[in-house]
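Following: one structure in structure tokens, then a few remarks.
Numbering (our numbering), first residue to last: 4 to 167.
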């Protein structure tokens with residue numbers, strides 16, 4: 004397990020930061036606990052890094068739905084409100100931003116599998132086209148095409164966020 008943590012810590016932290024907007028040690032620990040608990044269920048059908056990355060994304064989604072998140076959001080509300088007045092960010096904007104993030108994550112989660120993983124790697128893990136192509140054993144052009152298609156699907160599904 005120590006080897007798994009050592010090899011994947013950076014990737015997991017990057018996913019957490021990308022999806023939640025900040026590093027959260029509790030989420031990181033939860034990812035590795037779930038990894039340890041679910042390791043017997045892992046089948047070498049795909050790459051381990053894909054599996055643990057998806058697990059991390061799921062833990063982040065669970066966190067947004069958790070009572071802990073809702074409580075910390077309401078407890079931090081007073082502090083955030085004071086900071087936001089100074090920073091011209093209203094609580095409504097913050098809530099709107101977090102709501103938009105949740106909607107976007109849900110839309111990514113609902114993409115067909117061949118698109119979803121590419122979006123996660125490219126947008127959240129910041130892998131290059133070449134790195135993704137190597138992981139998926141596909142040509143770079145296919146990766147670019149699928150990412151473009153995924154973005155079109157997301158744009159269509161999320162156009163209401165732009166007010167269209």
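Built from N, CA and C at the ideal position, the CB exists for glycine as well.
(request) Check whether the stretch 30-37 touches the stretch 49-65, counting contact only when three or more Cβ pairs, one atom from each stretch, lie closer than 8 Å. (result) yes
(request) On a CA-only basis, which of 118, 52, 9 and 126 is nearest residue 21? Give me that one, please. (result) Taking the chain shown and counting its residues from 1, the one referred to as residue 21 is at position 18. With distances taken between Cα atoms, residue 21 lies closest to 126.
(message) Below 8 Å on the Cβ atoms is my contact criterion, and I expect residue 121 with residue 150 to pass it. Report the Cβ-Cβ distance as a whole number of Å.
(response) Position 118 of the chain shown holds residue 121. Position 147 of the chain shown holds residue 150. Contact holds; Cβ gap of about 5 Å.
(message) Buried or exposed for residue 86, going by 16 or more other Cβ atoms inside 10 Å?
(response) For the purposes of this step, residue 86 is taken as the residue at position 83 of the chain shown. In this prediction, residue 86 scores a pLDDT of 48, lower than 50, which makes its location untrustworthy; no coordinate-derived value is stated.
(message) Rounded to whole angstroms, what is the Cα-Cα separation between residue 134 and residue 45?
(response) Along the chain shown, read from residue 1 onward, the residue named residue 134 stands at position 131. Along the chain shown, read from residue 1 onward, the residue named residue 45 stands at position 42. If you take the alpha carbons of residue 134 and residue 45, they lie about 23 Å apart.
(request) Just tell me which of 155, 35, 26 and 106 has its CA closest to the CA of residue 118. (result) Start at 1 with the first residue of the chain shown, and residue 118 comes out as number 115. Of 155, 35, 26 and 106, the residue nearest in Cα terms is 155.
(request) Determine the contact status of residue 52 and residue 11, defining contact as a CB-CB distance below 8 Å. (result) Against the chain shown, residue 52 aligns to sequence position 49. Against the chain shown, residue 11 aligns to sequence position 8. Yes, these two residues count as a Cβ contact at 8 Å.
(message) Please report whether the beta-carbon of residue 9 lies at a distance below 8 Å from any beta-carbon of chain D.
(response) No chain D is present in this structure, which holds just one protein chain.
(message) Quick check: residue 38 and residue 18, are their CB atoms within less than 8 Å of each other?
(response) Counted from its first residue, the chain shown places residue 38 at position 35. Counted from its first residue, the chain shown places residue 18 at position 15. Going by C-beta atoms, residue 38 is not nearer than 8 Å to residue 18.
(message) Can you give me the C-alpha to C-alpha distance between residue 82 and residue 66, rounded to a whole angstrom?
(response) As a position in the chain shown, residue 82 is number 79, starting the count at 1. As a position in the chain shown, residue 66 is number 63, starting the count at 1. Since pLDDT at residue 82 reaches only 49, below the 50 mark, its modelled position is unreliable, and the value read off the structure follows with that caveat. About 21 Å.
(message) I need the DSSP call for residue 128, collapsed to helix, strand or coil.
(response) Indexing the chain shown from 1 puts residue 128 at position 125. Coil, per DSSP.
(request) With distances taken Cα to Cα, identify the nearest neighbour of residue 157 among 34, 107 and 6. (result) Along the chain shown, read from residue 1 onward, the residue named residue 157 stands at position 154. Of the listed residues, the one whose Cα sits closest to residue 157 is 107.
(request) Report the rounded CA-to-CA distance for residue 140 versus residue 111, giving the unit in angstroms. (result) As a position in the chain shown, residue 140 is number 137, starting the count at 1. As a position in the chain shown, residue 111 is number 108, starting the count at 1. Going by the C-alpha atoms only, they are around 22 Å apart.
(request) Confirm, please, whether the CB-CB distance from residue 132 to residue 109 is below 8 Å. (result) Within the chain shown, numbered from 1, the residue matching residue 109 stands at position 106. Within the chain shown, numbered from 1, the residue matching residue 132 stands at position 129. Going by C-beta atoms, residue 109 is not nearer than 8 Å to residue 132.
(request) Using a threshold of 8 Å, state whether the C-beta atoms of residue 153 and residue 143 are closer than that. (result) On the chain shown, position 150 is the one that residue 153 refers to. On the chain shown, position 140 is the one that residue 143 refers to. Not in contact: residue 153 and residue 143 (Cβ atoms no closer than 8 Å).
(message) Measuring only the C-alpha atoms, how far is residue 160 from residue 145?
(response) What you label residue 160 is simply residue 157 of the chain shown in a count that begins at 1. What you label residue 145 is simply residue 142 of the chain shown in a count that begins at 1. Looking at the two C-alpha atoms, the distance is approximately 22 Å.
(message) Going by DSSP in three states, residue 50 sits in which element: helix, strand or coil?
(response) By one-based count along the chain shown, residue 50 stands at place 47. Three-state result, residue 50: coil.
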